[in-house]
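Engineer: Dropping a structure here in structure tokens format, bear with me for questions.
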Amino acid sequence: MPDTYRCELWLIFSGAIHQKKTNPFLYKNLVDQPAIEFEVTMDEIERDLHRSLPEHVAFQSEIGINALRRVLKAYAVRNPKIGYCQAMNIISSVLLLYCGEEDAFWLLASICERLLPDYYNTKVVGAQIDSGVFEDLCEKYLNDIYLKLKELSVISYVSIAWFLTLFISAMPFDSAVYLMDCFFYDGAKVMFQLALTILQENKEKLLECTDEGDSISLLAKYLELIDNPDRKIENANRNIKDLLRESYVNFGSITDDDINKLRVKHRLKVVQNMEEALLTSIARSVSKQCLFS
Numbered sequence: 004m005p006d007t008y009r010c011e012l013w014l015i016f017s018g019a020i021h022q023k024k025t026n027p028f029l030y031k032n033l034v035d036q037p038a039i040e041f042e043v044t045m046d047e048i049e050r051d052l053h054r055s056l057p058e059h060v061a062f063q064s065e066i067g068i069n070a071l072r073r074v075l076k077a078y079a080v081r082n083p084k085i086g087y088c089q090a091m092n093i094i095s096s097v098l099l100l101y102c103g104e105e106d107a108f109w110l111l112a113s114i115c116e117r118l119l120p121d122y123y124n125t126k127v128v129g130a131q132i133d134s135g136v137f138e139d140l141c142e143k144y145l146n147d148i149y150l151k152l153k154e155l156s157v158i159s160y161v162s163i164a165w166f167l168t169l170f171i172s173a174m175p176f177d178s179a180v181y182l183m184d185c186f187f188y189d190g191a192k193v194m195f196q197l198a199l200t201i202l203q204e205n206k207e208k209l210l211e212c213t214d215e216g217d218s219i220s221l222l223a224k225y226l227e228l229i230d231n232p233d234r235k236i237e238n239a240n241r242n243i244k245d246l247l248r249e250s251y252v253n254f255g256s257i258t259d260d261d262i263n264k265l266r267v268k269h270r271l272k273v274v275q276n277m278e279e280a281l282l283t284s285i286a287r288s289v290s291k292q293c294l295f296s
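Those letters in the sequence shown? Residues 4 to 296, by this note's numbering.
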């Protein structure tokens with residue numbers, strides 16, 4: 004997808020273009036709104052601004068940093084229930100490389116509210132749910148790898164780390180952008196397809212790993228050397244276009260309906276675990292009060 008068309012097509016594929024057209028002045032109004040009641044959120048945003056995409060020249064100047072600040076602030080004001088969550092800054096910084104501020108804002112809204120629901124909150128509930136979904140898919144399609152990674156307690160770590168930032172933090176951002184093209188067009192199932200393909204590609208080496216650190220390091224090094232048609236990396240492992248093509252060939256049978264059914268199953272588990280953790284915390288608190296009363 005040519006860079007010049009990326010933003011327009013992302014807006015169309017995601018449906019964000021409709022929100023933008025029906026709310027023509029909203030972004031400016033949100034940016035101009037005083038942030039006095041959002042001080043805590045703004046502090047969190049400020050801490051992450053310079054960590055977003057530090058290697059890119061666009062975010063080594065105040066022009067890029069200010070644009071990112073406005074997009075994140077506008078979304079926090081629009082949706083106080085979410086406010087700001089780590090990873091939103093990384094996704095927004097890449098959106099800003101291809102889109103104007105207002106377009107980046109509406110694309111961020113479509114990701115947080117529709118494409119990856121419940122991902123960006125203090126408990127990252129949606130990401131926890133999809134981690135469970137990914138485990139089930141691994142067990143079904145890559146059983147031997149699943150058993151190994153289950154033994155090493157790695158599956159949830161890699162899936163949450165990859166999915167929260169749409170692979171932007173895992174591989175060169177200009178390679179992850181090709182995943183974003185497919186993501187806006189085909190939805191979250193593309194993330195699962197690609198993640199399964201990456202594990203399959205590294206099957207033999209993963210089965211030889213003896214601990215969690217070895218497997219995480221192996222996958223991290225593999226992803227760092229994924230290049231793209233616009234930028235070749237020396238000693239590259241794979242090209243992202245080839246990897247995405249294989250993900251559709253090998254795992255394209257996975258449907259949105261499959262994922263949604265598994266999400267319902269794992270949502271119950273995640274919510275139940277959170278409730279149990281809360282009750283345990285309350286019980287400990289009450290016990291302490293009794294001891295000192």
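We put the CB at the ideal spot given by N, CA and C, even for glycine.
Taking the beta carbon of residue 2 as the centre, do at least 16 other beta carbons fall within 10 Å, making it buried, or is it exposed?
Structural biologist: Past the edges of the chain, shown from 4 to 296, lies residue 2, and the structure says nothing about it.
Engineer: Give me the residue from 270, 96 and 82 with the minimum Cα distance to residue 30.
Structural biologist: Nearest of 270, 96 and 82 to residue 30, Cα basis: 82.
Engineer: Tell me whether residue 230 sits in a helix, a strand or coil according to DSSP, three-state version.
Structural biologist: Here residue 230 sits in strand by DSSP.
Engineer: Taking the alpha-carbon positions, what's the residue 233 to residue 6 distance?
Structural biologist: Whole-angstrom Cα-Cα distance: 10 angstroms.
Engineer: If distances are taken between C-alpha atoms only, which option among 224, 185 and 210 comes closest to residue 251?
Structural biologist: Residue 251 has its Cα closest to that of 185, out of 224, 185 and 210.
Engineer: Would residue 155 pass as a contact of residue 218 if the rule is Cβ separation under 8 angstroms?
Structural biologist: Taking 8 angstroms as the Cβ cut-off, residue 155 and residue 218 qualify as a contacting pair.
Engineer: I need the straight-line Cα distance from residue 193 to residue 67, nearest angstrom please.
Structural biologist: Each residue's Cα considered, the two are about 29 angstroms apart.
Engineer: Mapping the DSSP letters down to three states, classify residue 241 as helix, strand or coil.
Structural biologist: Reduced to three states, the DSSP call for residue 241 is strand.
Engineer: For residue 245 and residue 73, what's the separation of their Cα atoms in angstroms?
Structural biologist: Roughly 36 angstroms separates the two Cα atoms.
Engineer: Put residue 54 into one of helix, strand or coil per three-state DSSP.
Structural biologist: Residue state, collapsed to three classes: coil.
Engineer: Out of curiosity, what's the CA-to-CA distance linking residue 243 and residue 109?
Structural biologist: Their Cα atoms are separated by approximately 26 angstroms.
Engineer: Taking DSSP as the reference, what is the three-state secondary structure of residue 251?
Structural biologist: Of the three classes helix, strand and coil, the one that applies to residue 251 here is helix, per DSSP.
Engineer: According to DSSP, is residue 166 part of a helix, a strand, or is it coil?
Structural biologist: Note: residue 166 maps to helix in three-state DSSP.
Engineer: Does the distance from the CB of residue 130 to the CB of residue 182 come in under 8 angstroms?
Structural biologist: Cβ distance not < 8 angstroms, so residue 130 and residue 182 don't count as in contact.
Engineer: Is there contact here, the segment 53-60 with the segment 90-107, by at least three beta-carbon pairs under 8 angstroms?
Structural biologist: Touching, yes.
Engineer: Mapping the DSSP letters down to three states, classify residue 256 as helix, strand or coil.
Structural biologist: If DSSP states are grouped into helix, strand and coil, residue 256 belongs with coil.
Engineer: Can you look up residue 17 in the DSSP assignment and give me helix, strand or coil?
Structural biologist: Three-state result, residue 17: helix.
Engineer: Quick one: what does DSSP say residue 119 is sitting in, helix, strand or coil?
Structural biologist: Coil at residue 119, not helix or strand.
Engineer: Measuring alpha carbon to alpha carbon, tell me which residue in 177, 209 and 266 is nearest residue 230.
Structural biologist: The candidate whose alpha carbon is nearest that of residue 230 is 177.
Engineer: Assess, as a yes-or-no matter, whether the segment 262-275 is touched by the segment 131-139 under the definition of 3 or more beta carbon pairs within less than 8 angstroms.
Structural biologist: With a cut-off of 8 angstroms, the segment 262-275 and the segment 131-139 count as touching, because enough Cβ pairs lie within range.
Engineer: According to the Cβ coordinates, are residue 112 and residue 191 closer than 8 angstroms?
Structural biologist: No, they are not a contact pair.
Engineer: Take residue 215 and list the residues in its own chain whose beta-carbon comes closer than 8 angstroms to its own, dropping the five residues that flank it on each side.
Structural biologist: 155, 156, 157 and 160.
Engineer: Rounding to the nearest angstrom, what Cα-Cα distance links residue 127 and residue 121 in this structure?
Structural biologist: Their Cα atoms are separated by approximately 7 angstroms.
Engineer: Run through DSSP, which three-state label would residue 97 get?
Structural biologist: Helix at residue 97.
Engineer: Suppose you measure from the CA of residue 22 to the CA of residue 79; what does that come to, to the nearest Å?
Structural biologist: Rounded to whole angstroms, residue 22 to residue 79 spans 17 angstroms at the Cα level.
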